[in-house]
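Student: First the structure, which I've put down as structure tokens, then a few questions once you've had a look.
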Amino acid sequence: MSKNPLKQPVRRAATVVSLIAIFLLLPVTAWGKNFTPDVRPGKGVTEQYKLSRYFSPLKGTNMDTDVFVLDSGKPGATGLLIGGTHGNELAGSVAALVALENAVVTNGKLIVIPYTNLSAQSVADTRNKVSRQHLVRSRSGDRYLPYGDRRTDPADQGSEDPEKYINPGGYVLENGKEARNLNRTYPGKSDGTRTEQLSYALIALIRQEQVDFSLDMHEADTPERDKPDDDYRPGGNKRLSYTLVAHPRGLEMAAFALLAMEEDTGISLKLEESNPKYRGLSHLEIGNATNSLSFLSESPNPGQDRWRSDGDVINEPKYPLTHRVGLHLRLFKHLAEAFVVYHGKVLKIEKLPEYSELMAADIGQFLN
Ligand SMILES: [Zn+2]
């Protein structure tokens, strides 16, 4: 008697919605084992190859990530941009993408790795359950940016997590899962776990390519808190974002870059020196194991705040992705300029967006 005339269209709409949902989910299921991220190199990229070039046991594994080279063909400094050490720290990977999809190097050589721990990128975020992919409007249309997990997929590690993890430097981590945290396994081990082999391969790249300086780009919780005691929540660290950590040999150069950074972007970053006690971290171990000056940057990611359930990792008004990507890229440029002052070798990068250009647009406008 009371047939609802709206019922049919509603049901049809629901079917359409679920079909769309299935189509949206398809790429997610296609990810996983042989995860191939969407990277669209620009004109400045002169070579692309796999990291296993430096350590062949990685060949065919889910750790064998792509390396991109922008070589001017002219002498100068060699810089390395490391994105995606942690798969849930989007800005580092996207900064690397913006570099390799836009930059042209006119002196020296730039090496870019956007998804350094490819395995961590291939699985979903286990901490805050941030969505697996994020739609942006790129220069060529819709494009999805992947969001992964902090650690290597257990299926790719080649061994069970230990109860406690003793890293190659002999430092003991109470949480055995940290054996799969790339930024605890440096300088790596040729006969170690897959994650230790990954850091071993990265060190081999830095040695063979004679990298002069490297920046490992990370993200941390934002400085925002929901309660005054938010700092004391397990895993929360409000003091990490807006930090540049420098190997002791790179400290002066870092201080110089931070002054220029503040003038350029208005962003003021804390400077920290690598603590020699905490072994296994890139900024300490790369500088110790090679001639490269190593740095690590931290931007604020709303997706990592434990108190948010739905942190917007692209458009959050106070911490948009453009701000975070600009932080890493401009910092790298200022480190390159500081390298000339202190070490006399030039890495000249053109066509990298200015911080103000990034802030005036959407991130997709800087992606192919
Ligand atoms: Zn990190």
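In the working numbering, the protein residues as written are 493 to 860. Ideal Cβ positions, reconstructed from N, Cα and C, are used throughout, including at glycine.
Quick one: give me the first and last residue of the beta strand (DSSP E) that P792 is part of.
Tutor: Here the question's residue 792 lines up with position 300 in the sequence shown. It spans 785–792 - the beta strand (DSSP E) in which P792 sits, taken as one unbroken run.
Student: Checking the sheet assignment: what are the DSSP bridge partners for K840?
Tutor: The count along the sequence shown starts at 1 and reaches residue 840 at position 348. Per DSSP, N599.
Student: Please report the distance separating the alpha-carbon of I759 from that of D617.
Tutor: What you label residue 759 is simply residue 267 of the sequence shown in a count that begins at 1. What you label residue 617 is simply residue 125 of the sequence shown in a count that begins at 1. In a straight line, the C-alpha of I759 is about 28 Å away from that of D617.
Student: Figure out for me which residue from E829, G661, V561 has the closest Cα to the Cα of K840.
Tutor: Here residue 840 corresponds to residue number 348 of the sequence shown, with the count starting at 1. The option with the nearest alpha carbon to K840 is E829.
Student: Roughly how many angstroms lie between the CA atoms of N807 and D683, to the nearest whole one?
Tutor: In the sequence shown, residue 807 corresponds to position 315, counting from 1. In the sequence shown, residue 683 corresponds to position 191, counting from 1. Between N807 and D683, the C-alpha separation is close to 42 Å.
Student: So G600 and S564 are supposed to be a Cβ contact under 8 Å. How far apart are they, rounded?
Tutor: Here the question's residue 600 lines up with position 108 in the sequence shown. Here the question's residue 564 lines up with position 72 in the sequence shown. Yes, they are in contact, since the Cβ atoms of G600 and S564 sit about 6 Å apart, within 8 Å.
Student: What number of angstroms, rounded off, separates the C-alpha of S791 from the C-alpha of L573?
Tutor: In the sequence shown, residue 791 corresponds to position 299, counting from 1. In the sequence shown, residue 573 corresponds to position 81, counting from 1. Their backbone Cα atoms lie some 15 Å apart in a straight line.
Student: Express the C-alpha separation of Y734 and Y657 in angstroms, rounding to a whole number.
Tutor: Residue numbering aside, residue 657 sits at position 165 when the sequence shown is read from its first letter. Residue numbering aside, residue 734 sits at position 242 when the sequence shown is read from its first letter. Taking the straight line joining both Cα atoms gives about 28 Å.
Student: Looking at C-alpha atoms only, which residue of V832, G818, R686, Y811 is the closest neighbour of D903?
Tutor: Since the first residue of the chain shown is 493 and the last is 860, residue 903 is not available in this structure.
Student: Taking the straight line between their C-alpha atoms, what separation do you get for K843 and R822?
Tutor: Looking up residue 843 in the sequence shown gives position 351. Looking up residue 822 in the sequence shown gives position 330. Answer to the nearest angstrom: the Cα atoms are 12 Å apart.
Student: Quick one: which unbroken beta strand (DSSP E) runs of 3-plus residues sit fully inside the segment 519–571? Chain order, please.
Tutor: Runs of the beta strand (DSSP E) inside the segment 519–571: 539–542, 558–563.
Student: Assuming contact is defined by CB atoms lying nearer than 7 Å, are G576 and D641 in contact in what I supplied?
Tutor: As a working mapping, residue 576 is identified with position 84 in the sequence shown. As a working mapping, residue 641 is identified with position 149 in the sequence shown. No, the pair does not count as a contact, with Cβ atoms beyond the cut-off.
Student: Exposed or buried, which one is M709 when buried takes at least 16 other CB atoms within 10 Å?
Tutor: On the sequence shown, position 217 is the one that residue 709 refers to. Burial call: buried.
Student: Name the one or two DSSP bridge partners that S892 has.
Tutor: No information on residue 892 is available, as it lies outside the stretch 493 to 860 that the chain covers here.
Student: Could you tell me whether the Cβ atoms of T687 and G772 are closer together than 7 Å?
Tutor: Sequence index remark: in the sequence shown, residue 687 carries index 195 (1-based). Sequence index remark: in the sequence shown, residue 772 carries index 280 (1-based). No, they are not a contact pair.
Student: Please say whether E593 and R545 have beta carbons closer to each other than 7 Å?
Tutor: The residue labelled residue 545 in the question sits at position 53 within the sequence shown. The residue labelled residue 593 in the question sits at position 101 within the sequence shown. No.
Student: Return the bridge partner residues of G633 from the DSSP annotation.
Tutor: Position 141 of the sequence shown, counting from 1, holds the residue named residue 633. Beta-bridge pairing links G633 to S630.
Student: Can you have a look at K825 and say buried or exposed, based on whether 16 or more other CB atoms are within 10 angstroms of its CB?
Tutor: For this step, residue 825 is matched to residue 333 along the sequence shown. Buried: at least 16 other Cβ atoms inside 10 Å.
Student: With respect to the beta strand (DSSP E) encompassing L589, which residues constitute its N-terminal and C-terminal limits?
Tutor: Within the sequence shown, numbered from 1, the residue matching residue 589 stands at position 97. Run containing L589: none in the beta strand (DSSP E); it sits in the alpha helix (DSSP H), 582–594.
Student: Have a look at F831 and A747 and give me their C-alpha separation to the nearest angstrom.
Tutor: Residue mapping note: residue 831 aligns to position 339 of the sequence shown, counting from 1. Residue mapping note: residue 747 aligns to position 255 of the sequence shown, counting from 1. Computed Cα separation, rounded: 11 Å.
Student: Hey, would you say the C-beta of L665 is under 6 Å away from at least one heavy atom of ligand 3?
Tutor: Inclusion of ligand 3 in the displayed structure is not the case, the ligand content consisting of ligand 1 alone.
Student: CB-CB under 8 Å to L743, same chain, minus the five flanking residues each way: which ones, in chain order?
Tutor: Walking along the sequence shown from the start, residue 743 turns up at place 251. Here the set comprises L763, E765.
Student: State the start and end residues of the unbroken alpha helix (DSSP H) segment that holds A616.
Tutor: As a working note, residue 616 is residue 124 in the sequence shown. That residue, A616, is in no alpha helix (DSSP H); it is neither H nor E in DSSP.
Student: Where are the beta strand (DSSP E) runs, 3 residues long or more, that stay fully inside the segment 745–789, in chain order?
Tutor: With a minimum length of 3 residues, the continuous beta strand (DSSP E) runs that stay inside the segment 745–789 are 762–765.
Student: In chain order, what residues of the same chain lie with their CB nearer than 7 Å to the CB of D648, ignoring the 5 residues before and after it?
Tutor: On the sequence shown, residue 648 is found 156 positions in, with the first residue counted as 1. Cβ within range, chain order: T553, N554, M555, S611, R686.
Student: Just to check, is the beta-carbon of E670 closer than 6 Å to a non-hydrogen atom of ligand 1?
Tutor: Here residue 670 corresponds to residue number 178 of the sequence shown, with the count starting at 1. False, no ligand heavy atom lies under 6 Å from that Cβ.
Student: Could you give the first and the last residue of the continuous beta strand (DSSP E) run that contains A738?
Tutor: Here residue 738 refers to the residue found at position 246 when the sequence shown is read from its first residue. Note, A738: beta strand (DSSP E), 735–738.
Student: Relative to the C-alpha of P794, which residue among L776, H815, F547 is closest?
Tutor: For the purposes of this step, residue 794 is taken as the residue at position 302 of the sequence shown. Nearest option by C-alpha distance: H815.
Student: Taking the C-alpha atoms as reference points, what is the distance between E581 and G568?
Tutor: Within the sequence shown, residue 581 is the residue found at index 89, counting from 1. Within the sequence shown, residue 568 is the residue found at index 76, counting from 1. If you take the alpha carbons of E581 and G568, they lie about 31 Å apart.
Student: How about the segment 698–707 and the segment 796–805: do they share at least three Cβ pairs that are nearer than 8 Å?
Tutor: Because the criterion of three Cβ pairs below 8 Å is not met, the segment 698–707 and the segment 796–805 do not touch.
Student: Could you give the distance in angstroms between the alpha-carbon of P768 and the alpha-carbon of S630?
Tutor: As a first step, residue 768 is located in the sequence shown; it is residue number 276 there, counting from the start. As a first step, residue 630 is located in the sequence shown; it is residue number 138 there, counting from the start. Taking the straight line from one Cα to the other gives about 42 Å.
Student: Y607 by DSSP, collapsed to three states: which one?
Tutor: Working through the sequence shown from its first residue, we reach residue 607 at position 115. It is coil, neither helix nor strand.
Student: Considering only DSSP beta bridges, list what A712 is partnered with.
Tutor: Locating residue 712 in the sequence shown gives position 220, where the first residue counts as 1. Answer by DSSP bridge pairing, in chain order: P792.
Student: Could you round the C-beta distance between H739 and G779 to whole angstroms and report it? I think they count as a contact, below 8 Å.
Tutor: Taking the sequence shown and counting its residues from 1, the one referred to as residue 739 is at position 247. Taking the sequence shown and counting its residues from 1, the one referred to as residue 779 is at position 287. About 3 Å; that satisfies the 8 Å criterion.
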